[in-house]
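Input: a single structure, listed below in structure tokens.
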Amino acid sequence: MNMNNIGKLKLTAGFTLLELLVSMSLGLFLMAGLIQVLLVNKEMFKVQENSARIQEDGRFAVTVLNNAVSLTGYREDALTNMDTAFPSYTTLANPPAQTFQDGEVISGADNNVGGGDNIKNGTDSIAIRYRSDGAMFDCLGGAVADGFMSVSRFYVNDDDTLICRSDVYNPATGAAVSTTTQPLIDNVEDMQVRYGMSTGDVFHDIAASCYIDAATMGNGDDCTTLNFDQVVSVRISLLLHSNDDNLTPDNAPQTYSFEGVNNVLAGDNRLYRTVTTTIALRNKIL
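The end of the sequence shown is residue 503 by my numbering, with every number in the run present.
The following block contains the structure:
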């Protein structure tokens with residue numbers, strides 16, 4: 218046999234079984250590491266995406282609420298008596314009819330239970346009204362004709378959606394002109410409303426002496442003996458949650474603080490964030 222051929226056979230003999238096993242093991246190890254990195258990055262992306270969406274929704278909701286509630290009590294002639302400018306009125310039902318007494322421009326309900334129209338149990342609702350000068354819009358961006366009254370109502374429905382309900386009516390006849398309901402943001406776990414009460418002349422005393430809920434209105438001593446006529450500011454708190462579940466570290470439920478209650482343990486593994494805004498009723502205090 219030619220010795221040169223034997224040398225060539227040895228050079229082309231290939232990998233041994235042990236070498237193949239080692240190579241495959243290293244490949245699987247590297248692949249597992251890459252998959253783990255991808256999974257971690259995917260989870261981080263979901264957390265960041267949901268967190269950003271909560272912040273964006275919170276900013277949008279606060280903007281809409283601030284714009285709408287700050288119009289409370291507006292009328293073209295600021296010297297017009299409130300009782301004259303804002304006679305008593307009851308809105309259409311669904312959600313339940315909201316009644317304003319003479320001169321009242323703000324009202325609300327505390328912890329609605331069985332409130333109808335899918336209002337979520339345990340959440341608050343708020344309603345405000347103003348008189349348009351012909352260049353004003355309701356909470357949905359719809360134009361309100363000159364002299365017409367606009368009622369904006371905010372509440373959370375059973376689908377955890379913050380709703381704006383706009384009722385426009387003619388104060389001269391009491392006839393409804395339009396009624397429109399529009400969702401604003403999703404994933405609202407709770408909404409709580411507190412009313413800043415003035416114990417002095419509401420048109421000169423701009424500082425709230427206390428903040429109470431609608432259920433306490435007129436049912437206690439001192440500050441709580443007042444009614445909606447004495448409201449000079451509103452504090453609205455929203456508890457928002459992420460759309461996706463299983464986002465918390467180690468799948469441990471998040472704890473959060475809401476409306477003075479600390480270390481509340483969530484019932485799932487979503488992200489939670491509290492958004493609060495305080496709005497002065499400038500048409501009543503200026």
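Heads up, the beta-carbon is just placed ideally off N, CA and C, and yes, glycines get one too.
Considering only the alpha carbon of each residue, which of the options lies closest to residue i?
i    : options                : result
D341 : E476, N486, L482       : E476
L498 : E273, L288, L256, L238 : L288
Y489 : G275, A393, G244, E236 : G275
F277 : K259, L457, G364, N374 : L457
T398 : N404, Q409, G391, S383 : S383
T390 : F246, A285, T307       : T307
V385 : D375, L379, C356, G413 : C356
P312 : D485, D375, G413       : D375
N500 : L282, E293, I402, K263 : E293
G358 : N404, P470, M408, P400 : P400
A310 : T396, A269, P470, F246 : T396
Measure the alpha-carbon distance for residue i versus residue j and round it to whole angstroms.
i    : j    : result
G290 : P304 : 12 Å
P388 : I453 : 28 Å
G250 : L455 : 41 Å
Q253 : M261 : 12 Å
E236 : A483 : 53 Å
L238 : G244 : 10 Å
D363 : A295 : 15 Å
E266 : V279 : 20 Å
D504 : I271 : In the structure displayed, the chain extends from 218 to 503; residue 504 sits before or after that span and is not available.
Y412 : V361 : 26 Å
D300 : Y347 : 13 Å
C427 : T316 : 24 Å
V394 : G351 : 15 Å
E406 : M241 : 51 Å
L255 : M248 : 11 Å
Could you spell out the range, first to last residue, of the alpha helix (DSSP H) harbouring residue i?
i    : result
R499 : 499–502
A302 : 299–302
Give the DSSP-derived three-state secondary structure of residue i in the structure shown.
i    : result
T441 : helix
K339 : What sits at residue 339 in the sequence shown is Gly, not Lys. The answer is coil: DSSP assigns G339 none of H, G, I, E or B.
R292 : coil
I271 : helix
R276 : helix
I380 : strand
I252 : helix
L235 : helix
Less than 8 Å between the beta carbons of residue i and residue j, yes or no?
i    : j    : result
S415 : V449 : yes
E273 : D446 : no
I502 : I423 : yes
T472 : V478 : no
T491 : S474 : yes
S367 : S349 : yes
A392 : N328 : no
C440 : V281 : no
Y372 : I402 : no
I496 : V286 : yes
L464 : K263 : yes
Go to residue i, then tell me how far its beta strand (DSSP E) extends in each direction, as first and last residue.
i    : result
T396 : 393–402
V322 : Neither: V322 is in no beta strand (DSSP E) and is coded neither H nor E.
T472 : 472–475
F371 : 366–373
N479 : 478–482
D350 : Taken as a continuous stretch (DSSP letters only), D350 belongs to no beta strand (DSSP E), as it is neither H nor E.
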